[in-house]
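Trainee:
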Amino acid sequence: MMKFNSFASVFLAAGLMVVSVTFLFLSMVFLAGSEMIFEWQASTVNSFKINFLVVVDWVSLFFVSVVSLISASVLFYSSAYMMADVFYSRFIFLVMSFVCSMWILILSPNFISILLGWDGLGVTSYLLVIYFQSEKSFSAGLITALTNRLGDAGLLCLIGATVQTGSWSFIFYNTWSDWLSEYYLLALVGVAMTKSAQVPFSAWLPAAMAAPTPVSSLVHSSTLVTAGVYLLIRMNYLLATQKFLWGLMLLGTLTMFMAGGAAMGEVDMKKIIALSTLSQLGFMFMTLGMGLPLLSFFHLVAHAYFKAMLFMCAGGIIHSMKDFQDLRVMGGSLSAIPTAFSIFSVANLSLCGMPFMTGFYSKDLILELVMMSEVSIFVMILIGLATMLTVLYSIRATGLVFFSSGKIESCFSLKEAGNMMILGALILLIPSIIGGMLISWSTLSFSKLIFLPLWFKLSILIIIFISVALSFFLKGGLKKNFLFSFVEFMWFLPFMFSTTFSQKALILGKTSFLLAESGWSFTIMPMSFYGLSIRSSNFSGSSFLGNFLNSFIFFFFIFFI
Numbered sequence: 001m002m003k004f005n006s007f008a009s010v011f012l013a014a015g016l017m018v019v020s021v022t023f024l025f026l027s028m029v030f031l032a033g034s035e036m037i038f039e040w041q042a043s044t045v046n047s048f049k050i051n052f053l054v055v056v057d058w059v060s061l062f063f064v065s066v067v068s069l070i071s072a073s074v075l076f077y078s079s080a081y082m083m084a085d086v087f088y089s090r091f092i093f094l095v096m097s098f099v100c101s102m103w104i105l106i107l108s109p110n111f112i113s114i115l116l117g118w119d120g121l122g123v124t125s126y127l128l129v130i131y132f133q134s135e136k137s138f139s140a141g142l143i144t145a146l147t148n149r150l151g152d153a154g155l156l157c158l159i160g161a162t163v164q165t166g167s168w169s170f171i172f173y174n175t176w177s178d179w180l181s182e183y184y185l186l187a188l189v190g191v192a193m194t195k196s197a198q199v200p201f202s203a204w205l206p207a208a209m210a211a212p213t214p215v216s217s218l219v220h221s222s223t224l225v226t227a228g229v230y231l232l233i234r235m236n237y238l239l240a241t242q243k244f245l246w247g248l249m250l251l252g253t254l255t256m257f258m259a260g261g262a263a264m265g266e267v268d269m270k271k272i273i274a275l276s277t278l279s280q281l282g283f284m285f286m287t288l289g290m291g292l293p294l295l296s297f298f299h300l301v302a303h304a305y306f307k308a309m310l311f312m313c314a315g316g317i318i319h320s321m322k323d324f325q326d327l328r329v330m331g332g333s334l335s336a337i338p339t340a341f342s343i344f345s346v347a348n349l350s351l352c353g354m355p356f357m358t359g360f361y362s363k364d365l366i367l368e369l370v371m372m373s374e375v376s377i378f379v380m381i382l383i384g385l386a387t388m389l390t391v392l393y394s395i396r397a398t399g400l401v402f403f404s405s406g407k408i409e410s411c412f413s414l415k416e417a418g419n420m421m422i423l424g425a426l427i428l429l430i431p432s433i434i435g436g437m438l439i440s441w442s443t444l445s446f447s448k449l450i451f452l453p454l455w456f457k458l459s460i461l462i463i464i465f466i467s468v469a470l471s472f473f474l475k476g477g478l479k480k481n482f483l484f485s486f487v488e489f490m491w492f493l494p495f496m497f498s499t500t501f502s503q504k505a506l507i508l509g510k511t512s513f514l515l516a517e518s519g520w521s522f523t524i525m526p527m528s529f530y531g532l533s534i535r536s537s538n539f540s541g542s543s544f545l546g547n548f549l550n551s552f553i554f555f556f557f558i559f560f561i
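If you're matching positions, the sequence shown starts at 1 in full-length UniProt numbering and goes up one per residue.
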C-alpha cells in the first residue's frame, strides 16, 4: 500500500506534468516571435528603480516545460526509490524548492531575481548533496557550495557594476561595450563557468554524486549544471567580443576532452554518467563560443531528456544489484533486467549521437558547423577525440554492466526495479527517441546551408564506428602510469579542492601567522605604540590628555591598516 508521502509525490508529479504540457503549448504559441515582459516595481531609490521582471518567450516557456517534465518523472521515480526514507517529506520539499529556484532563474531577465534563483539552487543543492549524511557527502557538499559561491561573487560584482545604468535588467542593454568594460564580461563568463563546472572548476560535479540518484538525475540534466549555460544563452548578444568567444570555445573543448578521458578510467557507474554530463556541458560551451546560442539551447534540451532517463535507469540497475555501483563487480544482468537494458541502451545511443536519435539532431549539426568554420586543427582534433571518447565510455559501461561475467554473490536474485521507477524513466523514453526530430522541425529556425565534402560528411559516422571497434580492443584496460593517472583523475583538479590541499593551505596560514603576526612584527609595531602611549600619558601628567593621545594613536594606526 502506498504511503501518504508517496501519494503526495505522485500527486505533485501529476501536477508538474500538467504544467509541462501547458507551458509546451504556450511556447508553440509564442514561437512566431512574440514576447511579453511583466514588470513589478518594488521600490525606488532616487533615480534608481528596483524592478522585478518576468520575460515570457518561447525559449523560457519551452525550458520551463522541459524542467517540469523531468521533475515530474523524478518525483514518480522517487516515490519508489525513496520510499523507505524516514524524512521523505523533507526530501520532496527540497526537490520542489530546487525546481522553483530554477523556474525563477529561467523566467527572470533581472540580475537581482536571477541571484535569488541562483542562490536558491546553490543552497538547496548543498542540502540535497549532504542528504545522506557521511564524511564523504559532507566534503562533496562543501566543495559544491564553495565552488558555486565563487560564481555568486561574480554575480554580485555584476549587480554592483550595473547600478550606473539605472537598471538591473540586462534585456534593455544593447551592447556590453556601451556601458561596462570587458572585465565585467569576464566576470559573467566566470559565473557561468563555476555553475556549469568548466575547467578549472570541474571537481565539484563528480563529487555531487553523493546525492540521492533522483537528485542526480535532476541536477545533471536540466537544473543546476545548465544554469550557467542558460545564462550565457540569454546574454549571448552581449558576448560580441571575439576573444571571449574564442575563450569559450577553447574552455568547452578542453572540458569535453578532460571529462571523456576521465570517464574511460572510472569504475563508478554514477560518476561515469556525471563525467558524460561534464563532457556535454563542454560541448554546449564550445557551441556558444562558435556564436550559435540557438543550437546550444537545442542541445541543452535534447541532452536533458536522455541524461535524466540515463540517471534514473542507472539508479534502477544499482537498486536491482543490491546497491553495487562498481562496474568491476557488476555484469551478467541482461536476462534478468531486460527493461533496464533497453532504456539504458536508448539513452546511451542518444548520448553517442546515433543517427535519428534525439542527440543526433543537435550533435551532428553542431559538428558539421564546426567543420565548416575556421577553427584551428588543434581544436578540431580535440573535438574529434572527445566525440570518440563519448562512444567508447558509453559502450564500455554497457558492456561491463550487461555482458561481462557477473561477480555479484550468487545468493542475490536480480530482478527489475519497481514499477514506479520504470514509469519515471519511461516518461522520458519517447522524448529521448523522437524529441530531437520534433524540436528541429518545429522550433529550430536554422537556415544556414551546409556544404561539406562526402568524407567530411561521413567522418562523424566513421568516428562512431571506429570507437565501437576500439571498445572491443580495450576490454583488458590500459597500463597504469603517470599519464593514465593524470587523465583518470581529471588532470588532478579534484586534488586542488581535496582535504589534503586544504590542510596544506591551513598549515601555510598557521606558519605565516607564527612568523609574521606572532613574531617581530607583533613586538615592534603594537608594543611600540603601547610604549609610546604610556610615555605620552606620563609626560602629560593628565589622564584626560593621555586618553586623548591614546585614542588618536589608536585611530591613526587603524586608518593605515
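From the three backbone atoms N, C-alpha and C, an ideal C-beta is built for every residue, glycine too.
(1) Taking three-plus beta-carbon pairs below 8 Å as touching, is the stretch 426 to 435 in contact with the stretch 354 to 364?
(2) Got a sec? Which residues, its chain only, sit under 7 Å from Ile143 by beta carbon, not counting five neighbours each side?
(3) Out of Ile439, Cys157, Tyr393, point me to the one whose CA is closest to Ile464's CA.
(4) Measure how close the beta-carbons of Leu105 and Ala8 come, nearest whole angstrom, since I'm counting them as under 8 Å.
(5) As a quick exercise: from Gly316, Lys322, Phe306, pick the residue whose alpha carbon is nearest that of Gly353.
(6) Identify the residues that DSSP records as bridge partners of Lys49: which are they?
(7) Suppose the cutoff is 8 Å on Cβ atoms and the five residues either side in sequence are ignored; what does the same chain contact list for Met527 look like?
(8) Please state the DSSP three-state secondary structure of residue 576.
(9) Excluding five sequence neighbours on each side, which residues of the same chain lie with their C-beta closer than 6 Å to the C-beta of Val18?
(10) Which whole-angstrom value is the C-beta distance of Pro251 and Val191, which I expect to be below 8 Å?
(11) Got a sec? Which residues, its chain only, sit under 6 Å from Leu248 by beta carbon, not counting five neighbours each side?
(12) So, Met83 versus Phe91, is the Cβ gap smaller than 8 Å?
(13) I believe Asp268 touches Asp326 by the beta-carbon criterion, under 8 Å. Please report the beta-carbon distance rounded to the nearest angstrom.
(14) Inspect the beta-carbon positions of residue 586 and Ile377 and report whether they are closer than 8 Å.
(15) If you follow the alpha helix (DSSP H) that Val401 is part of, which residue opens it and which one closes it?
(16) So, at 6 Å on beta carbons, what are the nonlocal neighbours of Tyr230 in its own chain, with the 5 sequence-adjacent residues on each side left out?
(17) Where in the stretch 331 to 382 do unbroken runs of the alpha helix (DSSP H), each at least 4 residues long, occur, reported from the N-terminal end onward?
(18) Who are the near neighbours of Val95 in its chain, counting only those whose CB is closer than 6 Å to its CB and skipping five residues on each side?
(19) At the level of alpha carbons, what is the spacing between Ile159 and Met258?
(20) Between Ala210 and Gly316, how many whole angstroms is the CB-CB distance? I'm expecting something under 8 Å.
(21) Given this structure, state the Cα-to-Cα distance separating Phe98 from Phe451, to the nearest angstrom.
(22) Checking 8 Å against the spacing of the C-beta atoms, do Ser125 and Leu224 come in under that value?
(23) May I ask you to report which of helix, strand or coil DSSP gives residue 563?
(24) Tell me the rounded alpha-carbon separation between Leu16 and Ala72.
(25) Report the option in Ser169, Val64, Val56 whose CA atom is closest to the CA atom of Asn110.
(26) So residue 562 and Ser216 are supposed to be a Cβ contact under 8 Å. How far apart are they, rounded?
(27) CB-CB under 6 Å to Met312, same chain, minus the five flanking residues each way: which ones, in chain order?
(28) Within its chain, find whatever has a CB closer than 6 Å to the CB of Ser467; leave out the 5 residues flanking it on each side and keep chain order.
(29) Measuring only the C-alpha atoms, how far is Leu310 from Val379?
(30) Tell me, please, which residues DSSP counts as bridged to Ser169.
(31) Measure from the alpha carbon of Gly260 to the alpha carbon of each residue in Met330, Leu278, Asn419, then state which is nearest.
(32) Taking only the alpha-carbon atoms, compute the straight-line gap between Val370 and Lys363 and give it to the nearest angstrom.
(33) Just to confirm the assignment: which complete alpha helix (DSSP H) runs, minimum length 4, are found wholly within the stretch 126 to 163?
(34) In whole angstroms, give me the CA-to-CA distance for Glu266 and Phe201.
(35) Near Met36, what residues of its chain come up, given a Cβ to Cβ distance below 7 Å and the 5 sequence neighbours on each side ignored?
(36) Taking C-beta to C-beta, are Leu107 and Ser68 nearer than 8 Å?
Mentor: Per the coordinate set shown:
(1) yes
(2) Ala203, Trp204, Ala207, Phe497
(3) Tyr393
(4) About 26 Å separates the two Cβ atoms, so there is no contact after all.
(5) Phe306
(6) Thr44
(7) For Met527, the predicted model reports a pLDDT of 48, less than 50, meaning its position is unreliable; a value from the coordinates is still stated below. Counting only Cβ-Cβ distances below 8 Å, and skipping sequence neighbours, we find nothing.
(8) In the structure as shown, the chain starts at 1 and stops at 561, and residue 576 therefore has no counterpart that could be examined.
(9) none
(10) The question names Pro, yet the displayed sequence has Leu at residue 251. Not really, about 14 Å apart at Cβ, beyond 8 Å.
(11) Phe285, Leu288, Gly289
(12) no
(13) 7 Å
(14) The first residue shown for the chain is 1 and the last is 561, placing residue 586 beyond what the model contains.
(15) It is not in any alpha helix (DSSP H) - Val401 carries neither H nor E in the DSSP assignment.
(16) none
(17) 338 to 352, 358 to 372
(18) none
(19) 33 Å
(20) 19 Å between Cβ atoms; not a contact.
(21) 44 Å
(22) yes
(23) Here the chain covers residues 1 to 561 and nothing more, so residue 563 does not appear.
(24) 5 Å
(25) Ser169
(26) The structure shown does not extend to residue 562, since the chain is modelled only from 1 through 561, so no value can be given for it.
(27) Tyr77, Ser217, Gly424, Ala425
(28) Met388, Val391, Leu392
(29) 29 Å
(30) Asn110
(31) Leu278
(32) 11 Å
(33) 135 to 161
(34) 19 Å
(35) Val56
(36) no
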